[in-house]
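Trainee: First the structure, which I've put down as C-alpha cells, then a few questions once you've had a look.
Numbering (our numbering), first residue to last: 4 to 255.
Dropping the structure here:
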C-alpha cells in the first residue's frame with residue numbers, strides 16, 4: 004500500500020525522463036509497481052484516469068484509514084464479497100433494522116473507502132443489505148475467498164495490520180457493531196443479597212482468527228478481556244468498559 008505522494012514522486016521522475024528501472028531503484032519500489040503506474044499515466048487521459056485510479060492498492064489513491072478500519076470490522080463480522088461477470092465484485096454488509104444508526108455508519112464508511120462507486124440498499128427480512136460494486140473490493144479485502152470465514156484462515160495483510168494498529172478503536176467499533184453488543188448484566192452477591200447491575204461488552208464469532216484480531220485490537224487500546232466461551236470475548240471490568248465506551252458505546 005503506497006500513499007499518493009509516492010505515486011506523484013514516481014510520475015514526476017517519469018515525466019522528467021528518468022528510466023523506470025532507475026525510478027524503482029531510487030525510491031526502493033518494486034519495478035512492476037513503477038511500470039504499472041507509469042503505464043497508466045502514459046495511456047490514460049486525465050478524465051479516464053480520475054475514474055480508474057480509485058484503488059489504494061492498485062493505483063496509490065489515498066485511503067481514509069479510519070473509515071477503512073471500521074469497514075474492515077464490519078466485513079469480518081457481517082460482510083461478504085461476491086465476484087460476478089467481468090470480475091466486477093460487490094461488497095455487502097448486512098445491518099439489522101433495529102440499529103439504523105449503525106447502517107448509516109456503514110453506508111458512510113463504504114462511500115468513503117470507495118468514493119467512485121455508488122452505495123445502495125437492498126431490503127431483506129429484518130435487515131438491509133448495504134451494497135457497493137467495484138472490481139477493486141477484493142484488493143482492499145484480501146481475506147475474500149471461497150467458503151465461510153470460520154472455515155478458512157483469516158490473516159491480515161501487513162498494510163492492514165498497520166492500519167488496524169493505528170485505528171484499533173475504529174476496527175473494534177466495526178466488529179462490535181456487527182457481531183457484538185454492549186449489554187447490562189446483573190448479579191446478586193451472597194453477602195447482602197442485593198442485586199446490582201454492570202455494563203459489559205460481548206463479541207462472538209465462529210472464526211478463531213477473527214477473535215484473535217479482535218483480541219489484539221483490544222490489547223492495543225488497553226482493554227482487559229477474557230474468553231468465557233470458545234467463540235466469544237467478554238469485556239467486563241469497569242475501567243475497560245469505560246475505555247471501550249470511548250470508541251464504541253451502545254448500538255443505535
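Just so you know, even glycine gets a beta-carbon here, dropped at the ideal spot from N, CA and C. Since this is a predicted model, take the numbers as computed values, not measurements.
Considering residue 121, what are the terminal residues of the beta strand (DSSP E) in which it resides?
Mentor: Here residue 121 belongs to no beta strand (DSSP E), and DSSP marks it neither H nor E.
Trainee: Since residue 117 and residue 90 are thought to touch, with beta carbons under 8 angstroms apart, how far apart are those beta carbons, to the nearest angstrom?
Mentor: So it is not a contact: roughly 15 angstroms between Cβ atoms.
Trainee: What are the boundary residues of the alpha helix (DSSP H) that residue 213 is part of?
Mentor: Taken as a continuous stretch (DSSP letters only), the alpha helix (DSSP H) holding residue 213 covers 211-223.
Trainee: Could you tell me the alpha carbon to alpha carbon distance between residue 35 and residue 24, rounded to whole angstroms?
Mentor: Spanning the two alpha carbons is a distance of roughly 9 angstroms.
Trainee: Got a sec? Which residues, its chain only, sit under 7 angstroms from residue 68 by beta carbon, not counting five neighbours each side?
Mentor: Cβ within range, chain order: 166, 169, 170.
Trainee: Any idea if residue 182 is buried or exposed, counting beta-carbon neighbours within 10 angstroms, 16 or more meaning buried?
Mentor: Per the 10 Å Cβ criterion, buried.
Trainee: Apply the 10 Å Cβ neighbour rule to residue 197 and answer buried if 16 or more other Cβ atoms are within range, or exposed otherwise.
Mentor: It counts as exposed.
Trainee: Run through DSSP, which three-state label would residue 62 get?
Mentor: Three-state result, residue 62: helix.
Trainee: Leaving out five residues on either side along the sequence, give the residues of the same chain with a beta carbon under 7 angstroms from the beta carbon of residue 220.
Mentor: The answer, listed in chain order, is 167, 171, 174, 175.
Trainee: Here's a check: name, in chain order, each residue in its chain whose Cβ is nearer than 7 angstroms to the Cβ of residue 218, leaving out the five neighbours to either side.
Mentor: Cβ within range, chain order: 228, 236.
Trainee: Under the assumption that residue 209 contacts residue 188 (Cβ atoms under 8 angstroms), give the Cβ distance between them as a whole number of angstroms.
Mentor: About 23 angstroms; that fails the 8 angstroms criterion.
Trainee: Taking DSSP as the reference, what is the three-state secondary structure of residue 141?
Mentor: Three-state DSSP puts residue 141 in a helix.
Trainee: Whole angstroms is fine: what's the gap from residue 8's alpha carbon to residue 126's?
Mentor: Cα to Cα, the separation comes out at about 41 angstroms.
Trainee: Closest to residue 205 by CA distance: which of 213, 199, 185 is it?
Mentor: Out of 213, 199, 185, 185 has the C-alpha closest to the C-alpha of residue 205.
Trainee: May I ask you to report which of helix, strand or coil DSSP gives residue 71?
Mentor: Here residue 71 sits in helix by DSSP.
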